[in-house]
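Let me begin by presenting the structure, written as structure tokens, before commenting on it.
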Amino acid sequence: MSNYIPTIGVEVHVELKTKTKIFSNSTNGYGKMANSLTNVIDLGYPGTLPTLNEEVINLGIKAATILNCRIRKVMHFDRKNYFYPDISKNYQITQNETPIGYDGYVEITKSSGEKKKIYIEEMHIEEDTCKSAHRGTKTLLDFNRAGVPLIEIVTKPCLSDGEDVKLYLEKLKELLSYGNISDCKIEEGSMRADVNVSLRKEETDPLGVKAEIKNIGSISNAKLGVEKEIERQTKLYDKKETFKPQTRRFDDKIGDTVLMRIKETGNDYRYFPEPDIPFVVLTDEMIEEAVKTIPMLPDERREKYLNIGVSDINTNKLIQNRSLSDYFNELLEEKINHQIASNLLLGDISAYLNKEEKDIKETTLTKERFIELVNLVDNNTLTSKNLKEIINHILEETKSIKEIMEDNNIENITDDTEIRKVIKKIIEENEESVKDYKEGHDRAIKFLMGQVMKETKGKINPKMAMDTLKEELE
Amino acid sequence: MKEKLSKEEVLHVADLARISLTEEEISKYQIELKELLNDVEKINEVKGYDDDILIACWENNTELRKDEAGEMLDPKEVVNNAPRHSGNYIEVPVVISEGEGA
Amino acid sequence: MYLNKSVKEINELLKKKKIKPIDLVEEAFQNIENNKELNAYITLNKEDAIKRAKELEDKEVDNILFGIPIAVKDNIITKGLRTTCASHILDNFIPIYNATVVEKLIEKNMIIIGKTNMDEFAMGSSSRTSYFGAPHNPWNKNKISGGSSGGSATTIAARDVLFALGSDTGGSIRQPASYTGIVGMKPTYGRISRFGLVAFASSLDQIGPMTTNVYNNALLLNAIVGKDEKDLTSVKKEEDFTRLIGKDITGLKIAVPNYFMSDIVNDEIISKVKDTIKVLEENGAIVDYVDVKYLENAVTLYQIIAMSEASSNLARFDGIRYGYSYENPENIEDVYLKTRALGFGEEVKRRIMVGSYLLSGENAKIYYNKALSIREDMRKALKEVFNNYDLIIGPTTTTTAYNLDDPMDDPRKTFMDDVLVIPVNMAGLPGLNLPIGFDKNNMPIGMQIIGNSFEEAKIYQLASYLEKKLNLNLDPNGGENNE
Numbered sequence: 001m002s003n004y005i006p007t008i009g010v011e012v013h014v015e016l017k018t019k020t021k022i023f024s025n026s027t028n029g030y031g032k033m034a035n036s037l038t039n040v041i042d043l044g045y046p047g048t049l050p051t052l053n054e055e056v057i058n059l060g061i062k063a064a065t066i067l068n069c070r071i072r073k074v075m076h077f078d079r080k081n082y083f084y085p086d087i088s089k090n091y092q093i094t095q096n097e098t099p100i101g102y103d104g105y106v107e108i109t110k111s112s113g114e115k116k117k118i119y120i121e122e123m124h125i126e127e128d129t130c131k132s133a134h135r136g137t138k139t140l141l142d143f144n145r146a147g148v149p150l151i152e153i154v155t156k157p158c159l160s161d162g163e164d165v166k167l168y169l170e171k172l173k174e175l176l177s178y179g180n181i182s183d184c185k186i187e188e189g190s191m192r193a194d195v196n197v198s199l200r201k202e203e204t205d206p207l208g209v210k211a212e213i214k215n216i217g218s219i220s221n222a223k224l225g226v227e228k229e230i231e232r233q234t235k236l237y238d239k240k241e242t243f244k245p246q247t248r249r250f251d252d253k254i255g256d257t258v259l260m261r262i263k264e265t266g267n268d269y270r271y272f273p274e275p276d277i278p279f280v281v282l283t284d285e286m287i288e289e290a291v292k293t294i295p296m297l298p299d300e301r302r303e304k305y306l307n308i309g310v311s312d313i314n315t316n317k318l319i320q321n322r323s324l325s326d327y328f329n330e331l332l333e334e335k336i337n338h339q340i341a342s343n344l345l346l347g348d349i350s351a352y353l354n355k356e357e358k359d360i361k362e363t364t365l366t367k368e369r370f371i372e373l374v375n376l377v378d379n380n381t382l383t384s385k386n387l388k389e390i391i392n393h394i395l396e397e398t399k400s401i402k403e404i405m406e407d408n409n410i411e412n413i414t415d416d417t418e419i420r421k422v423i424k425k426i427i428e429e430n431e432e433s434v435k436d437y438k439e440g441h442d443r444a445i446k447f448l449m450g451q452v453m454k455e456t457k458g459k460i461n462p463k464m465a466m467d468t469l470k471e472e473l474e
Numbered sequence: 001m002k003e004k005l006s007k008e009e010v011l012h013v014a015d016l017a018r019i020s021l022t023e024e025e026i027s028k029y030q031i032e033l034k035e036l037l038n039d040v041e042k043i044n045e046v047k048g049y050d051d052d053i054l055i056a057c058w059e060n061n062t063e064l065r066k067d068e069a070g071e072m073l074d075p076k077e078v079v080n081n082a083p084r085h086s087g088n089y090i091e092v093p094v095v096i097s098e099g100e101g102a
Numbered sequence: 001m002y003l004n005k006s007v008k009e010i011n012e013l014l015k016k017k018k019i020k021p022i023d024l025v026e027e028a029f030q031n032i033e034n035n036k037e038l039n040a041y042i043t044l045n046k047e048d049a050i051k052r053a054k055e056l057e058d059k060e061v062d063n064i065l066f067g068i069p070i071a072v073k074d075n076i077i078t079k080g081l082r083t084t085c086a087s088h089i090l091d092n093f094i095p096i097y098n099a100t101v102v103e104k105l106i107e108k109n110m111i112i113i114g115k116t117n118m119d120e121f122a123m124g125s126s127s128r129t130s131y132f133g134a135p136h137n138p139w140n141k142n143k144i145s146g147g148s149s150g151g152s153a154t155t156i157a158a159r160d161v162l163f164a165l166g167s168d169t170g171g172s173i174r175q176p177a178s179y180t181g182i183v184g185m186k187p188t189y190g191r192i193s194r195f196g197l198v199a200f201a202s203s204l205d206q207i208g209p210m211t212t213n214v215y216n217n218a219l220l221l222n223a224i225v226g227k228d229e230k231d232l233t234s235v236k237k238e239e240d241f242t243r244l245i246g247k248d249i250t251g252l253k254i255a256v257p258n259y260f261m262s263d264i265v266n267d268e269i270i271s272k273v274k275d276t277i278k279v280l281e282e283n284g285a286i287v288d289y290v291d292v293k294y295l296e297n298a299v300t301l302y303q304i305i306a307m308s309e310a311s312s313n314l315a316r317f318d319g320i321r322y323g324y325s326y327e328n329p330e331n332i333e334d335v336y337l338k339t340r341a342l343g344f345g346e347e348v349k350r351r352i353m354v355g356s357y358l359l360s361g362e363n364a365k366i367y368y369n370k371a372l373s374i375r376e377d378m379r380k381a382l383k384e385v386f387n388n389y390d391l392i393i394g395p396t397t398t399t400t401a402y403n404l405d406d407p408m409d410d411p412r413k414t415f416m417d418d419v420l421v422i423p424v425n426m427a428g429l430p431g432l433n434l435p436i437g438f439d440k441n442n443m444p445i446g447m448q449i450i451g452n453s454f455e456e457a458k459i460y461q462l463a464s465y466l467e468k469k470l471n472l473n474l475d476p477n478g479g480e481n482n483e
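Below, the structure is given as structure tokens:
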């Protein structure tokens with residue numbers, strides 16, 4: 001097979017996390033009874049007019065900021081005219097001439113370690129279509145999704161392989177879900193990607209014939225789809241075969257793309273400015289207000305966590321868990337052992353949360369109590385064994401951690417003189433074992449530790465006890 | 001002989017407008033549409049205008065709506081107005097080609 | 001007989017409980033019945049109107065329009081009351097919501113008597129494109145009432161009721177008002193919510209009052225204006241539109257565009273307008289003839305903008321969610337193609353097709369965008385006049401009402417009928433038709449009074465002054481002049 005240079009562009013639609021639809025005040029919801037989330041505007045009844053949801057503009061500003069786009073301050077909307085049963089007015093209100101954001105980028109890190117900027121041509125606001133289900137000779141329409149706000153993000157054709165596409169989509173998902181812009185759930189359709197792939201021999205050649213891959217059900221399928229498509233086109237070019245611009249879809253079952261339709265000469269969408277929505281003018285104050293509410297994004301979190309001594313592994317794990325990461329962010333300024341704090345969050349606390357299907361915010365673990373917990377673990381007052389015993393109490397009760405330990409008869413003898421006293425007693429009582437130890441029988445020290453624990457009913461700090469025991473035996 | 005659009009041109013605009021035409025209507029519209037389009041051509045005689053456009057006589061900018069939910073229709077009401085429906089769904093003959101999507 | 005009295009008198013009688021709203025409603029329906037052959041209505045709201053009138057009997061007479069019957073053009077959405085837009089495609093359509101103006105009428109305790117006839121989807125200038133047949137002009141039943149608000153004009157001219165709502169995209173209130181000798185106002189774009197007005201050309205459409213006299217017109221406008229959060233293009237501005245009625249016109253500066261008085265207008269009409277100008281000058285107004293650029297391009301702009309917008313606005317009528325749908329479609333394309341082929345009339349189809357063509361491919365740049373540019377220049381040119389003048393006047397129409405059986409085979413004729421009224425919509429200005437006399441066949445002649453944006457009150461000032469001075473008998477049946 002010869003080598004060709006792939007040129008790839010990605011169009012992503014994400015549904016915005018708003019309470020209501022973009023052009024009407026009916027509820028923006030998923031998984032509800034068919035046609036129960038609609039009003040006369042969503043259904044395109046005669047005489048109805050659009051209004052514009054403030055939150056959509058706010059999220060648009062935030063998304064544009066997060067994606068390093070320039071923000072357009074005076075916008076209008078346009079009508080995209082086409083007949084299709086999923087669009088109630090037979091036109092979609094979108095932004096063709098004045099997208100809210102343009103000239104942006106996101107940065108990905110390739111497995112080779114190379115950093116690459118994926119350039120964003122533009123991002124615009126528009127309305128989602130209704131959902132159709134095909135049943136035999138009928139198609140059933142559910143307008144709950146009609147008018148759900150969308151942002152469409154269009155890259156420049158600057159991606160070059162399946163990995164780029166995968167990393168770009170992952171990055172986008174991470175950024176937009178962290179920014180509270182969208183759920184970005186591909187499986188629920190709140191994030192949808194279409195990928196355009198073409199090949200050419202040399203950088204200086206004109207772009208090759210384009211295939212668009214639609215209906216991609218997951219990020220890994222996007223990567224696979226692109227790779228398969230490059231393979232397919234390469235074979236055709238190698239065989240000197242030509243093909244027409246086309247739309248393909250990724251088929252999960254066969255793990256490959258299949259032809260949907262050959263593209264006719266450009267769709268005639270008859271765009272014109274939407275007369276029902278006057279200019280939308282963004283003031284500096286509006287932009288500032290929106291930007292202010294952008295939460296700390298993953299890259300910044302990553303940098304901060306590493307700086308305060310959290311391990312690489314824990315940093316990545318925290319960032320994958322938005323809720324824990326937010327919780328952890330509250331502790332960044334505290335003088336505590338952050339590595340231990342992250343261990344606790346990702347260890348016993350996560351285990352509890354998963355088991356109980358709870359969010360950390362639903363537990364009784366206030367910031368103050370968590371700091372107390374971290375310090376108790378840090379100075380060995382609370383052992384991991386003991387912690388496991390009382391984790392439910394810690395997360396369900398409001399008493400201080402100390403009190404909970406007392407309630408459960410957990411006290412650690414951490415007083416050095418007391419420890420030494422006990423150990424001396426045990427050494428005196430077990431001459432045989434001491435002798436064994438000195439002769440190099442490792443097992444003996446375990447026996448002696450067991451005696452120490454027995455003597456103290458397990459209330460001695462094991463690490464301190466072991467250290468002291470070794471000292472005394474020397 | 002009056003000026004006419006070609007049959008293909010009439011069929012093209014009828015397709016854009018999703019209106020089926022009889023042969024008789026096609027011949028009629030070949031003339032009538034041409035007359036209107038000739039009228040419209042007069043726009044090209046206007047000279048010396050500025051590039052600023054007027055989309056509509058908007059007296060103010062868009063006032064944004066608060067993101068608060070309002071009343072919605074009962075699904076029964078939605079489907080009862082539709083010529084074809086099944087359960088809570090509005091129904092159409094099966095759509096074969098895939099949607100434009102958004 | 002109460003509906004020949006002034007609104008103030010009726011209001012007094014209601015307050016004193018000498019009459020009840022039901023008396024007015026019954027009289028209105030009797031009038032409509034007597035004038036049945038005028039075909040002014042598509043749907044009567046008999047049962048509901050009577051019910052409403054009875055409900056109002058226990059209510060306090062809280063405003064001057066209380067209990068008064070009103071007719072509503074059939075492109076304004078009325079909940080539970082069939083709204084057809086005079087089209088087969090909606091001939092069984094019972095809406096599930098109310099237009100904002102309708103809500104306002106209900107708030108004022110007015111009683112909707114029925115839905116008036118019109119050109120299909122307001123596309124036409126003679127109401128002859130109605131699926132339900134054309135209304136007849138009460139002054140001569142062989143003549144048109146004009147359009148598209150022909151039914152509203154007819155029922156007012158015939159004195160069935162005192163108030164009606166029309167809509168005006170390119171003269172559809174003022175032109176039929178002129179043909180039937182009534183007062184019709186197209187307010188400033190944005191004055192009145194368009195929510196619930198079935199859109200023809202969204203950037204031009206505006207609802208307005210049609211009445212027997214100027215005062216009533218201002219009263220109805222008072223009731224229906226205001227910012228509506230459901231219409232982003234509506235404007236927050238409130239005032240009493242009757243406040244300048246009765247005021248002197250000394251010093252009022254009035255412009256007459258030369259184009260409005262050119263040879264496109266019938267001589268009889270020109271001379272009647274000139275007579276009226278003389279009256280104005282004799283009474284202290286200053287009248288100048290002025291040139292206004294781009295007026296002669298208004299029809300072309302209108303054709304491009306209105307047909308383009310209409311092609312998109314009417315795309316929603318597809319037989320899927322509501323309205324007529326072709327009975328035996330073989331596939332989805334059949335639903336579209338045949339529903340629209342059978343559901344729409346000829347004029348509508350023609351305009352949708354031309355509009356689709358004008359927006360398709362590169363045409364949008366060649367026609368639509370260019371039209372929007374020239375539209376802006378035309379607006380500026382008109383606005384400039386108001387730097388020096390209070391009002392613009394001229395004839396409303398180039399001829400008086402023509403015969404119902406005149407040929408309809410020239411698709412351009414219907415646009416040319418509106419050549420003098422279209423510029424007002426292009427610039428979003430308010431404009432009113434005032435009857436100023438009759439031609440030799442006793443058909444009404446109208447004068448158009450145009451104001452700057454939001455200066456409806458000044459229009460009413462001049463109109464009411466002239467109305468009083470001219471003191472015409474505007475009842476086609478020769479009844480008493482009701483002022």
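So the protein lines, in turn, are chains A, B and C.
The numbering of the first sequence is my numbering, which starts it at 1 and goes up by one.
The numbering of the second sequence is my numbering, which starts it at 1 and goes up by one.
The numbering of the third sequence is my numbering, which starts it at 1 and goes up by one.
Even for Gly, the Cβ is constructed at its ideal location relative to N, Cα and C.
Rounded to the nearest whole angstrom, the CA to CA distance from residue 185 (chain C) to residue 82 (chain A) is 36 Å. Here residue 304 (chain A) carries a helix assignment [DSSP, helix/strand/coil].
Per DSSP, the beta-bridge partners of residue 142 (chain A) are A:131. With a threshold of 16 other beta carbon atoms within 10 Å, residue 306 (chain A) falls short and is exposed. Take residue 439 (chain C), set aside five residues on each side of it, and the residues of its chain with a beta-carbon closer than 7 Å to its own are 268, 400 and 445, in chain order. With respect to the C-alpha of residue 80 (chain C), the residue from C:99, C:379, C:86 and C:451 having the closest C-alpha is C:99. In the displayed model, residue 84 (chain C) falls within coil according to three-state DSSP, outside both helix and strand. Every unbroken stretch of the alpha helix (DSSP H) spanning 4 or more residues and falling wholly within the region 358-424 of chain C is given here in chain order: 370-388 and 413-416. Exclusion of the five residues before and after residue 4 (chain A) leaves 199, 200, 201, 234 and 237 as the residues of its chain whose Cβ lies within less than 7 Å of its Cβ. Among the CB atoms of chain A, one or more fall inside 8 Å of the CB of residue 359 (chain C).
Residues of chain C whose Cβ lies closer than 9 Å to the Cβ of residue 89 (chain A) are, in chain order, 312, 313, 315 and 316.
Of all residues in the region 43-61 of chain A, the ones placed with a Cβ closer than 9 Å to any Cβ belonging to chain C are 43, 44, 45, 46, 47, 48, 49, 50, 51 and 52, in chain order. Around residue 85 (chain A), the beta-carbon contacts reaching into chain B at under 9 Å are 90, 92, 95 and 99. The beta carbon of residue 299 (chain C) sits closer than 7 Å to those of 415, 416, 419 and 422, all from its chain and outside the five residues before and after it, given in chain order.
Apart from the 5 residues on each side of it in sequence, residue 21 (chain C) sits with its Cβ closer than 6 Å to the Cβ of 53, 56 and 67 in its chain, given in chain order.
Straight through space, the alpha carbons of residue 150 (chain A) and residue 299 (chain A) are spaced by roughly 25 Å. For residue 147 (chain C), the three-state secondary structure derived from DSSP is coil.
Contacts with chain C at 8 Å (Cβ-Cβ) include residue 20 (chain B).
Put simply, the CB of residue 75 (chain B) is near chain A, with a gap under 8 Å to one of its CB atoms.
Boundaries of the beta strand (DSSP E) around residue 72 (chain C): 69-73. Separation of the CB atoms of residue 158 (chain A) and residue 118 (chain A) is rounded to 6 Å, and the pair is thereby assigned contact status at 8 Å.
For residue 34 (chain A) and residue 473 (chain C), the gap between their C-alpha atoms comes out near 60 Å. Here the alpha carbon of residue 77 (chain A) sits roughly 15 Å from the alpha carbon of residue 57 (chain B).
One thing to note: residue 154 (chain A) has its Cβ no nearer than 8 Å to the Cβ of residue 195 (chain A). Residue 85 (chain B) is bridged by DSSP to B:90.
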